[in-house]
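Under the numbering used here, the residues of the sequence shown are numbered 1282 to 1466, in order. A virtual CB, placed ideally from N, CA and C, is assigned to each residue, including glycine. In what follows, a single structure is set out as structure tokens and then discussed.
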Amino acid sequence: MWSLKTAQRALIAAGCMAMIYTQFTMSPATIEFARSLGATGWHIGILGALPTMMLFFQFLAAVVANHLEYRRWLWLPISILQRLILVPIALMAWLLPDMSHTAELWWLIVLTAVNHALIHFTTPLWLSWLGDYLPHKGLNHYWGYRQVWMYWTGAISLLGGAIFLAKSGLEIGDGFAWLVGIGAF
């Protein structure tokens, strides 16, 4: 078993890794990738609405969490699946080179919806588990400290992703594939 200090550092690192994934897979790069596939304003609107449309999965998670003795055993495999759900989009151009851009665009929209649904489902499980795991004394201070690290990581990774896409010379499809791969790792 880890000491409390080690566990808290690991939780900060996990939050920072989640921010990197989020910034690499749900950033303007996703919109630019969708546009490269022929997305119209309607498609971009759907992509933009998906996080809000999938919020009901948080309520589902709350109901499920109230019936579980151990939340982490449900949280862990779903979180792993969520991290990997966009990898097929990243590999689609190489695995299925004859697929139409329209089909690839709709796969991006569908898998992005699944990604947001899984994020919204796992977040309450994760936070309730941590609420039970971490001592309540000093919890607000710890959460604030963790959030600072996460937001700085998010900002730096978004900037890093933008610089990578601008300077790499890669087409957006290849660049987006790299971002998804790095984020999923």
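Per-residue burial, residue i [other beta carbons within 10 Å of its own, 16 or more giving buried]
i, result
"proline 1309", "exposed"
"histidine 1324", "buried"
"proline 1405", "buried"
"serine 1438", "buried"
Span of the alpha helix (DSSP H), counted from its first residue to its last, around residue i
i, result
"methionine 1300", "1285-1306"
"alanine 1235", "For residue 1235 there is no data in the structure shown, the boundaries of the chain being 1282 and 1466."
"proline 1332", "1322-1334"
"leucine 1367", "Run containing leucine 1367: none; DSSP gives neither H nor E here."
C-alpha gap between residue i and residue j, whole angstroms
i, j, result
"tryptophan 1407", "tryptophan 1430", "18 Å"
"isoleucine 1463", "valine 1395", "19 Å"
"isoleucine 1293", "arginine 1427", "5 Å"
"phenylalanine 1305", "alanine 1299", "10 Å"
"tryptophan 1348", "leucine 1341", "Rather than tryptophan, the amino acid found at residue 1348 in this sequence is histidine. Spanning the two alpha carbons is a distance of roughly 11 Å."
"leucine 1386", "phenylalanine 1445", "23 Å"
"leucine 1460", "glutamine 1363", "15 Å"
"asparagine 1421", "isoleucine 1400", "23 Å"
As assigned by DSSP and simplified to three states, the class of residue i
i, result
"arginine 1352", "coil"
"serine 1360", "helix"
"proline 1378", "coil"
"leucine 1372", "helix"
"asparagine 1396", "helix"
Mind listing, in chain order, the continuous alpha helix (DSSP H) runs of no fewer than 4 residues lying wholly within the segment 1400-1465? 1420-1448, 1453-1465
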